[in-house]
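*Asks:* Here you go, one structure.
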Amino acid sequence: MELLGERVPKKSSFIEIPRNTKMVDDRFAITEEDSKKILGAYFKQGLHGPLELYPLKEKKRVVILRHLIKSFDVDKTYAEKEVNEILKKYYSDYVLLRRNLIDYGFMERTQDGSLYWVKL
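Residues 16 to 135 (this note's numbering) are what the sequence shown spells out, left to right.
Below is the structure:
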């Protein structure tokens with residue numbers, strides 16, 4: 016596990032890694048330039064428009080999730096319905112997006128899934 020941690024780049028020009036992430040590995044080694052290319056490819060109508068499709072590749076998913084988490088206020092707790100409404104604007108399978116935001120460590124929720132918040 017220590018070796019895995021050494022392979023993850025430190026700050027500089029790389030995307031910041033969310034703390035306490037369950038799935039930290041090479042998927043997070045993404046430069047800002049790579050991030051812009053990926054977002055441009057999947058948000059063809061602009062960054063506030065819908066996703067054309069949700070990629071299968073983990074690295075691309077991380078970039079998209081990192082962008083989507085910006086739609087949430089760090090100081091707010093959201094009901095599940097509120098999270099769904101925000102994510103519906105981006106993609107029809109908002110449940111998948113919501114689950115991935117949790118799984119990749121961008122959000123946390125109560126055990127019953129009724130409340131959500133951005134993970135710091």
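Glycine included, C-beta positions come from ideal geometry on N, C-alpha and C.
Output the residue ranges of the alpha helix (DSSP H) runs that lie fully inside the region 76 to 135 and measure 4 residues or longer, sorted by chain position.
*Replies:* Those alpha helix (DSSP H) runs which fall completely within the region 76 to 135 and span 4+ residues are 95 to 103 and 109 to 118.
*Asks:* Between GLY120 and LYS103, which are expected to be in contact by the criterion C-beta below 8 Å, what is the C-beta distance as a whole number of angstroms?
*Replies:* GLY120 to LYS103, Cβ: 22 Å. No contact.
*Asks:* Would you mind sorting LYS51 into buried or exposed? The rule is 16 or more other CB atoms within 10 Å of its CB.
*Replies:* Exposed.
*Asks:* Select from ARG76, SER129, ASP88 and LYS85 the residue whose C-alpha is nearest the C-alpha of LEU111.
*Replies:* Considering only alpha carbons, the answer is ARG76.
*Asks:* Just to confirm, are TYR57 and ILE84 a CB contact at a threshold of 8 Å?
*Replies:* Contact flag unset, no.
*Asks:* Going by beta-carbon coordinates alone, are TYR93 and LEU62 separated by less than 8 Å?
*Replies:* Not in contact: TYR93 and LEU62 (Cβ atoms no closer than 8 Å).
*Asks:* From ILE53 to LEU68, what distance separates their C-alpha atoms?
*Replies:* About 12 Å.
*Asks:* LEU66 to TYR106, Cα distance in whole Å?
*Replies:* Going from the Cα of LEU66 to the Cα of TYR106 covers about 6 Å.
*Asks:* Grab the span of the alpha helix (DSSP H) containing GLU48 for me, first residue to last.
*Replies:* From DSSP, the alpha helix (DSSP H) with GLU48 extends over 47 to 57.
*Asks:* Between the beta-carbon of GLU95 and the beta-carbon of GLY64, is there less than 8 Å?
*Replies:* The answer is no: Cβ separation not under 8 Å.
*Asks:* With the cut-off set at 8 Å, would you say ARG113 and ASN99 are in Cβ contact?
*Replies:* Yes, the pair counts as a contact, with Cβ atoms nearer than the cut-off.
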